[in-house]
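What follows is a set of notes on a single structure, which appears directly below.
Residue numbers (my numbering): 2 to 208.
Structure representation (structure tokens):
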């Protein structure tokens, strides 16, 4: 079954340059399309050999195999030499600059995985919900994004883009989604769990 990439965004992800009216269009798109995007993600995973039995059941354990699948399916495209040289001239020599970028399909999959991991949190901790960050600080990386409010805003789509780059560069592995969940679960407990309500998760990964 063919995976359908995201091709109906009302605006691009340069949110800092968008008006609030334009950003609201993205919020409406997100709400209307998130279930469909998870279906497309599930279809993509299930069509890949050993992952045919993976189930998008929104359990934290589902992130184990999903992370392994993602590591195996991130694709990159080479930046044309002339474009790379132009970019390289503008970037200090001591900063690493890859001569590749994530493929369009990989970018779409990372958005879908971001939506899914957000839904895993919401299904695990029902008091959480999606909301759009419309803070006045346009320099904030979360501005305009759909986030989940915790001790700090959890922006899984942006975080998945960063993880996607690291997976492609072999700086992360298939455990990245499970680790991401463990880290942000600690932020959840720090905000919502009073000290007298018992044991909280091991938060060593936050150190």
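Glycine included, each C-beta is placed from N, C-alpha and C at the ideal position.
Considering only their Cβ atoms, is the gap separating residue j from residue i smaller than 8 Å?
i: residue 160; j: residue 103; result: no
i: residue 79; j: residue 107; result: no
i: residue 1; j: residue 157; result: Because the chain spans 2 through 208 in this model, residue 1 falls outside it and cannot be assessed.
i: residue 105; j: residue 12; result: no
i: residue 155; j: residue 185; result: yes
i: residue 24; j: residue 178; result: no
i: residue 28; j: residue 147; result: yes
i: residue 188; j: residue 163; result: no
In this structure, does DSSP put residue i in helix, strand or coil?
i: residue 155; result: strand
i: residue 147; result: strand
i: residue 46; result: helix
i: residue 92; result: coil
i: residue 65; result: helix
i: residue 102; result: strand
i: residue 190; result: helix
i: residue 175; result: coil
i: residue 74; result: helix
i: residue 21; result: helix
Output the boundary residues of the alpha helix (DSSP H) element that contains residue i.
i: residue 110; result: 105-125
Under 7 Å Cβ to Cβ from residue i, same chain only, skipping five residues before and after it: list those, please.
i: residue 56; result: 63
i: residue 66; result: 52, 55
i: residue 92; result: 98
i: residue 72; result: 168, 174, 175
i: residue 59; result: 120, 121, 124
i: residue 88; result: 98
i: residue 19; result: 12, 145
Since residue i and residue j are thought to touch, with beta carbons under 8 Å apart, how far apart are those beta carbons, to the nearest angstrom?
i: residue 120; j: residue 39; result: 7 Å
i: residue 149; j: residue 129; result: 5 Å
Where do the N-terminal and C-terminal ends of the beta strand (DSSP E) with residue i fall, by residue?
i: residue 131; result: 131-133
i: residue 80; result: Taken as a continuous stretch (DSSP letters only), residue 80 belongs to no beta strand (DSSP E), as it is neither H nor E.
For residue i, which residues of its own chain have a beta-carbon under 8 Å away from its beta-carbon, when the five flanking residues on both sides are left out?
i: residue 141; result: 134
What residues in its chain sit with their C-beta under 6 Å from that of residue i, if we drop five residues either side in the sequence?
i: residue 70; result: 46, 52
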